[in-house]
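Have a look at the structure below before the remarks.
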Amino acid sequence: MDYNFSEIEKKWQKAWAEHQTYKVTEDKTKKKYYVLNMFPYPSGAGLHVGHPLGYIASDIYARFKRLQGYNVLNPMGYDAYGLPAEQYAIQTGQHPAITTETNINHYREQLDKIGFSFDWDREVRTCDPQYYHWTQWAFMKMFGSYFCNECQQARPVADLIKHFETSGTEGLDVAQTEELHFTAEEWKAMSEEEQQKVLMNYRIAYLGETVVNWCQGLGTVLANDEVVNGVSERGGYPVVQKKMQQWCLRTSAYAQRLLDGLETINWTDSIKETQRNWIGRSEGTEMEFKYSLTPDPSPRRGECSTGDNAEGHFTIFTTRADTIFGVTFMVLAPESELVEKLTTKEQKAEVEEYLAYVKKRTELDRMSDRKVTGVFSGSYAVNPFTGAKIPVWISEYVLAGYGTGAIMAVPAHDSRDYAFAKHFNLPIIPLIEGADVSEESFDAKEGIVMNSPCEGVETLDGFSLNGMTVKEAIAATKEFVTKHKLGRVKVNYRLRDAIFSRQRYWGEPFPVYYKNGMPYMIPEECLPLELPEIDKYEPTETGEPPLGRAKMWAWDEAKKQVTDKSLVDNKTVFPLELNTMPGFAGSSAYYLRYMDPKNDKALVGKEADEYWQNVDLYVGGTEHATGHLIYSRFWNKFLHDCGVSCKEEPYEKLINQGMIQGRSNFVYRVNSDDHSKAPVFVSKGLKDQYDTTPIHVWVNLVKDDILDTEAFKQWRPEYNNAEFILEDGKYICGWAIEKMSKSMYNVVNPDDIIKDYGADTLRLYEMFLGPVEASKPWDTNGIDGCHRFLKKFWSLFWERGGEEKLIVDDVEPSKENLKSVHKLIKKVTEDIEKFSYNTSISAFMIAVNELGQQKCHNRELLQKMVVLLSPFAPHVAEELWHVLGNKGTVCDAAWPSYDEKYLVESEMQLTVSFNGKARYQKTFAADADNATIEREVKADERSLKYMEGKQIVKVIIVPKKIVNIVIK
Numbered sequence: 001m002d003y004n005f006s007e008i009e010k011k012w013q014k015a016w017a018e019h020q021t022y023k024v025t026e027d028k029t030k031k032k033y034y035v036l037n038m039f040p041y042p043s044g045a046g047l048h049v050g051h052p053l054g055y056i057a058s059d060i061y062a063r064f065k066r067l068q069g070y071n072v073l074n075p076m077g078y079d080a081y082g083l084p085a086e087q088y089a090i091q092t093g094q095h096p097a098i099t100t101e102t103n104i105n106h107y108r109e110q111l112d113k114i115g116f117s118f119d120w121d122r123e124v125r126t127c128d129p130q131y132y133h134w135t136q137w138a139f140m141k142m143f144g145s146y147f148c149n150e151c152q153q154a155r156p157v158a159d160l161i162k163h164f165e166t167s168g169t170e171g172l173d174v175a176q177t178e179e180l181h182f183t184a185e186e187w188k189a190m191s192e193e194e195q196q197k198v199l200m201n202y203r204i205a206y207l208g209e210t211v212v213n214w215c216q217g218l219g220t221v222l223a224n225d226e227v228v229n230g231v232s233e234r235g236g237y238p239v240v241q242k243k244m245q246q247w248c249l250r251t252s253a254y255a256q257r258l259l260d261g262l263e264t265i266n267w268t269d270s271i272k273e274t275q276r277n278w279i280g281r282s283e284g285t286e287m288e289f290k291y292s293l294t295p296d297p298s299p300r301r302g303e304c305s306t307g308d309n310a311e312g313h314f315t316i317f318t319t320r321a322d323t324i325f326g327v328t329f330m331v332l333a334p335e336s337e338l339v340e341k342l343t344t345k346e347q348k349a350e351v352e353e354y355l356a357y358v359k360k361r362t363e364l365d366r367m368s369d370r371k372v373t374g375v376f377s378g379s380y381a382v383n384p385f386t387g388a389k390i391p392v393w394i395s396e397y398v399l400a401g402y403g404t405g406a407i408m409a410v411p412a413h414d415s416r417d418y419a420f421a422k423h424f425n426l427p428i429i430p431l432i433e434g435a436d437v438s439e440e441s442f443d444a445k446e447g448i449v450m451n452s453p454c455e456g457v458e459t460l461d462g463f464s465l466n467g468m469t470v471k472e473a474i475a476a477t478k479e480f481v482t483k484h485k486l487g488r489v490k491v492n493y494r495l496r497d498a499i500f501s502r503q504r505y506w507g508e509p510f511p512v513y514y515k516n517g518m519p520y521m522i523p524e525e526c527l528p529l530e531l532p533e534i535d536k537y538e539p540t541e542t543g544e545p546p547l548g549r550a551k552m553w554a555w556d557e558a559k560k561q562v563t564d565k566s567l568v569d570n571k572t573v574f575p576l577e578l579n580t581m582p583g584f585a586g587s588s589a590y591y592l593r594y595m596d597p598k599n600d601k602a603l604v605g606k607e608a609d610e611y612w613q614n615v616d617l618y619v620g621g622t623e624h625a626t627g628h629l630i631y632s633r634f635w636n637k638f639l640h641d642c643g644v645s646c647k648e649e650p651y652e653k654l655i656n657q658g659m660i661q662g663r664s665n666f667v668y669r670v671n672s673d674d675h676s677k678a679p680v681f682v683s684k685g686l687k688d689q690y691d692t693t694p695i696h697v698w699v700n701l702v703k704d705d706i707l708d709t710e711a712f713k714q715w716r717p718e719y720n721n722a723e724f725i726l727e728d729g730k731y732i733c734g735w736a737i738e739k740m741s742k743s744m745y746n747v748v749n750p751d752d753i754i755k756d757y758g759a760d761t762l763r764l765y766e767m768f769l770g771p772v773e774a775s776k777p778w779d780t781n782g783i784d785g786c787h788r789f790l791k792k793f794w795s796l797f798w799e800r801g802g803e804e805k806l807i808v809d810d811v812e813p814s815k816e817n818l819k820s821v822h823k824l825i826k827k828v829t830e831d832i833e834k835f836s837y838n839t840s841i842s843a844f845m846i847a848v849n850e851l852g853q854q855k856c857h858n859r860e861l862l863q864k865m866v867v868l869l870s871p872f873a874p875h876v877a878e879e880l881w882h883v884l885g886n887k888g889t890v891c892d893a894a895w896p897s898y899d900e901k902y903l904v905e906s907e908m909q910l911t912v913s914f915n916g917k918a919r920y921q922k923t924f925a926a927d928a929d930n931a932t933i934e935r936e937v938k939a940d941e942r943s944l945k946y947m948e949g950k951q952i953v954k955v956i957i958v959p960k961k962i963v964n965i966v967i968k
């Protein structure tokens, strides 16, 4: 009987759906195991073969754990909000909900064809009001909470108000935007509006003015990963840095807990280190520097001129206060409010020109680009230890969000300060004995301090660090700063508060209305606040976000309902928020909703939460190492503080799947200034004779790197009259291995692979390409080997050709049969636990070949093989499970165990060499001693021709490897 994969796969996909084979409920009699894939965005292009890589890897593990007796939760849903759907709506006028639904249906059809064990009864979509009800609810909880630094936990704002009423800000240790001081009496004397402004300083969800990536072309704020080389990834529109009032989440308050949590989870060291660097914990000192716009050439210590006429002061954060005597200039971040204060009239035009340049640069550009740029502010700061004047510069290498947005520059011991000083010819003072002011000394943390201060320089209280070790100097400086109230010791974090507003339509609405300019939450029982209908999906003509077009978009406080915005009177009817939430809002807690997706009373019920607890295995790409994983961990920790999530860390184990790369092809267009002529393309071997531009070409037009020129002409209208310069009558294309992408025309549709080879072959081949974590090129030519393997496996059950004849028997298995199968059980079990799926498949291929050669058709052994294969190739396994007479599904079989007694080797094979040159292989008893091995080798007729007429000098035997006979 032939292996008809098409009929088999359709048959079992239908049966699994009808019998709800993958539906899962809480079962306290079984141990739980929660497998999760990172939330996919359903694009209009559908899946290419790179997308299912992680899904297949996690599905294999989910099926494996189920076979081991676990109750496995393996859900799937859609991150359905986003800019692509909105941009398509702007271009076509079609509502994003319609295109999103179409895309989801396409995705679902493709996913079902691949045979995943998803419990579709638990599907969630971020654009579903029943889902974003709980995103809005979580935001409201954050708005109603503050973060207590002492207890490292979120607490209700109501508790904070009680503290203000009795003690003001005295004794308060909480996360805040800026440090405020007031008494209980002053608090009580404030108006409601004033009190709300004060509370905004402490809320975990708060309105704040922040620098954002603003894209005028798209009319919205963009995340860093949506900006490439200063333009939007979608559309290529210019992006500038702009200060805007935005909703923010106080993620920075959770920085230490986010760091500590990394020690409790099973993630790769590289991902953990990436998160640590992103969070960026620094222990250091804040110090105050006075400044003046009209400095005296020789100010006294602590003064900006011959009189104490400092015009103000600013604070810097440094991890190395001991380097204070090496400071030769100060640097402000271009976004800092200090820039306007410290820029002199003479420097104003030059500073404004520089700020215009920096506005076009994203923070990622500034962090990664080592280019030196800057401008002098015209003002000077004063070294609080020596009174020396220090020029204040402005440069993009300092970021406003880290520390205070101002630094003291020590060019002898910091690489970026050094590059800046060299570029602008500023002084450099080495502080470590023997330092030669080179890159080797930039991070010098050992050695003896010198030039601190330089000879003849007077310091406050005669303070000196000369002769100390670096460690002693750091401790002494911290103590001195604290004692003389020049600053304070502080722990700082690089992690920023998350910007949570987007000027888009297609996103979660904020449950917020405005009264006297201050935000208020709609009542919790009125959730969800649903996205309204609008006529166009662009910003309004006056620059408001698209929700400014909605007619029914005001809040009636008395009736507790949405009403027509023409009724706004700011007495009982108030305007609603026009921004929507960002993409990460819906993907920050979806794993909790999967636990209890139909619950209309809570994000997740207590019983479901306590059973599933958190994700045991999370699979996704490394591109989410910072953004998504930081946000979702923060979100979960907040919900843990609220008693919603029973586990503080959402993801116990994390596996990052690699990228499947495509083999791209290029044609070479001859450059010409005359665009009226037909384009000319030159074959690869001749391209060096012309001035050419390589252009990606659809890989379906190429076979064995030879271009189908007629099909190419029909592919794109502009190539209809193309001319070709051939070599040997053929057009040879260039090629490269690149990221699989539509823009490179190298995507492979999994539907095509499934049609030609079947879903089980696709699943096997994607895993066979290489380790799950590694990136690997896709080559359709290699898929046939996996398909042949499945046909060989099939032939162990069915007689080839002719009538349908099952050849499974109950003949007693031989030792070789048992060894082949038990060796496979051990190998596959160990490999799945290590996610080494490619070596598992190799082991399957070896075992099937061995059983074929042994003519083994034993029912019991083949049934074990079927169960072993079922996580990898579920359709053929399900078919053969029933062919063997089993009831129910193979998914509920028991994972086979191996017996070590069948793995004991009775023989060993050694290579026999003469004078180090291998000549033949010989089999010996596994327990043969060296004397027996030597005797049998000498007696072997194959040895005689090498030893004839020769003298044996010695015999070298390497146990279980080789026998080498040295002759002369």
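Just so you know, the sequence shown maps onto residues 1 to 968 in full-length UniProt numbering.
Cβ coordinates follow ideal geometry from the N, Cα and C atoms, glycine included.
Everything numeric in this text was worked out from a predicted model, so none of it was measured.
Ordered along the chain, which non-local residues of its own chain (more than five positions away) have a Cβ less than 8 Å from that of K113? The count along the sequence shown starts at 1 and reaches residue 113 at position 113. These residues qualify, in order along the chain: E9, Q13, P750, D751, I754 and A759.
Cβ contact (3+ pairs, closer than 8 Å) linking the region 238-249 and the region 491-501: yes
Looking at C-beta atoms only, is the number of pairs between the region 732-743 and the region 657-675 that lie closer than 8 Å three or more? The region 732-743 vs the region 657-675: in contact.
Thinking M1 and W798 are a contact (beta carbons under 8 Å), I'd like their distance in whole angstroms, please. If you number the sequence shown from 1, residue 1 lands on position 1. If you number the sequence shown from 1, residue 798 lands on position 798. About 4 Å; that satisfies the 8 Å criterion.
Flag Q91 as yes if its beta-carbon sits less than 8 Å from any beta-carbon of chain B, otherwise no. Judged by its chain identifiers, the structure shown contains no chain B, having just a single protein chain.
Could you check the C-alpha separation between L338 and L180 for me, to the nearest Å? Taking the sequence shown and counting its residues from 1, the one referred to as residue 338 is at position 338. Taking the sequence shown and counting its residues from 1, the one referred to as residue 180 is at position 180. Approximately 19 Å between the Cα atoms of the pair.
Using CA coordinates, which residue listed in S588, K922 and S415 is at the minimum distance from V963? Looking up residue 963 in the sequence shown gives position 963. Closest in alpha carbon position to V963, among S588, K922 and S415, is K922.
According to the Cβ coordinates, are T294 and M408 closer than 8 Å? Locating residue 294 in the sequence shown gives position 294, where the first residue counts as 1. Locating residue 408 in the sequence shown gives position 408, where the first residue counts as 1. In this structure, M408 does not lie closer than 8 Å to T294 by Cβ.
What three-state label does DSSP hand R250 in the structure shown? Counted from its first residue, the sequence shown places residue 250 at position 250. Coil at R250, not helix or strand.
Tell me A918's beta-bridge partners as DSSP assigns them. Along the sequence shown, read from residue 1 onward, the residue named residue 918 stands at position 918. According to DSSP, A918 bridges with S913.
Residue from E948, C786, D779 and Y745 with nearest C-alpha to Y757: Against the sequence shown, residue 757 aligns to sequence position 757. The option with the nearest alpha carbon to Y757 is C786.
Under DSSP, the beta strand (DSSP E) around S292 begins and ends at which residues? Reading the sequence shown from its first residue, position 292 is the one you call residue 292. Start and end: R281 to S292.
Cα-Cα separation between A381 and V644, rounded to whole angstroms: Locating residue 381 in the sequence shown gives position 381, counting from the first residue. Locating residue 644 in the sequence shown gives position 644, counting from the first residue. Approximately 50 Å, taken between the alpha carbons.
Write down every uninterrupted run of the alpha helix (DSSP H) in the region 599-670 whose length is 4 residues or greater and which is fully enclosed by it, in chain order. 606-612 and 627-641
Quick test of the definition: if touching needs 3 or more C-beta pairs under 8 Å, does the region 612-622 touch the region 21-39? yes
Candidates R203, K242 and H675: which alpha carbon is nearest P334's? Looking up residue 334 in the sequence shown gives position 334. Per the Cα distances, K242.
Just to confirm, are L796 and G885 a CB contact at a threshold of 8 Å? Here residue 796 refers to the residue found at position 796 when the sequence shown is read from its first residue. Here residue 885 refers to the residue found at position 885 when the sequence shown is read from its first residue. No, the pair does not count as a contact, with Cβ atoms beyond the cut-off.
Can you list, in chain order, the residues of its chain with a C-beta nearer than 6 Å to that of L824? Leave out the 5 residues immediately preceding and following it. Indexing the sequence shown from 1 puts residue 824 at position 824. Counting only Cβ-Cβ distances below 6 Å, and skipping sequence neighbours, we find A843 and A847.
In the region 184-226, which residue ranges form an unbroken alpha helix (DSSP H) of at least 4 residues, counting only runs that do not cross its ends? 184-189 and 192-200
Same chain, Cβ closer than 8 Å to H313, neighbours up to 5 away in sequence not counted: In the sequence shown, residue 313 corresponds to position 313, counting from 1. So the list reads E288, F289, K290 and Y291, once near-sequence residues are dropped.
Quick check on the burial criterion: 16 or more other C-beta atoms within 10 angstroms. Buried or exposed for H133? Taking the first residue of the sequence shown as position 1, residue 133 is located at position 133. Counting Cβ neighbours within 10 Å, H133 comes out buried, since at least 16 surround it.
Is the beta carbon of M659 sitting closer than 8 Å to the one on A57? Taking the sequence shown and counting its residues from 1, one reaches residue 659 at position 659. Taking the sequence shown and counting its residues from 1, one reaches residue 57 at position 57. No, these two residues do not count as a Cβ contact at 8 Å.
8 Å Cβ shell around M367 - same chain, five flanking residues per side excluded: Counted from its first residue, the sequence shown places residue 367 at position 367. Same-chain partners within the cutoff: L399.
Could you tell me if R276 is buried or exposed, where buried requires 16 or more neighbouring beta carbons within 10 angstroms of its beta carbon? Position 276 of the sequence shown, counting from 1, holds the residue named residue 276. Exposed: under 16 other Cβ atoms inside 10 Å.
Please specify which runs of the beta strand (DSSP E), each continuous and at least 3 residues long, are wholly inside the region 105-161, giving them in chain order. 145-148 and 153-156
Ordered along the chain, which non-local residues of its own chain (more than five positions away) have a Cβ less than 6 Å from that of G734? Indexing the sequence shown from 1 puts residue 734 at position 734. F666 and K684, listed in sequence order.
Here's a check: name, in chain order, each residue in its chain whose Cβ is nearer than 7 Å to the Cβ of N466, leaving out the five neighbours to either side. By one-based count along the sequence shown, residue 466 stands at place 466. Closer than 7 Å at Cβ, skipping near neighbours: V449, M450 and S452.
Other residues of its chain near W393: CB distance less than 6 Å, five sequence neighbours each side excluded: Taking the sequence shown and counting its residues from 1, the one referred to as residue 393 is at position 393. Hits under 6 Å: F329, V331, G374 and F376.
Evaluate contact between the region 227-239 and the region 356-367, counting only Cβ atoms and requiring at least three cross-stretch pairs below 8 Å. Touching, yes, given that three or more Cβ pairs across the two stretches are closer than 8 Å.
Under three-state DSSP, which class holds E335? Taking the sequence shown and counting its residues from 1, one reaches residue 335 at position 335. It is coil, neither helix nor strand.
Quick check on DSSP: helix, strand or coil for W895? In the sequence shown, counting from the first residue as 1, residue 895 sits at position 895. Coil at W895, not helix or strand.
Residues bridged to G487 by DSSP? On the sequence shown, residue 487 is found 487 positions in, with the first residue counted as 1. Answer by DSSP bridge pairing, in chain order: M287.
Do you know how far the Cα of F584 is from the Cα of Y631? Here residue 631 corresponds to residue number 631 of the sequence shown, with the count starting at 1. Here residue 584 corresponds to residue number 584 of the sequence shown, with the count starting at 1. Their Cα atoms are separated by approximately 7 Å.
Thinking C-beta only, is T135 closer than 8 Å to A625? In the sequence shown, residue 625 corresponds to position 625, counting from 1. In the sequence shown, residue 135 corresponds to position 135, counting from 1. No; because the gap between Cβ atoms is not below 8 Å, this pair is not in contact.
Entirely enclosed beta strand (DSSP E) segments - the region 708-767, minimum 3 residues: 723-725 and 734-739
For E879, which residues of its own chain have a beta-carbon under 8 Å away from its beta-carbon, when the five flanking residues on both sides are left out? The residue you call residue 879 lines up with position 879 of the sequence shown. Contacts found: I8, K11 and W12.
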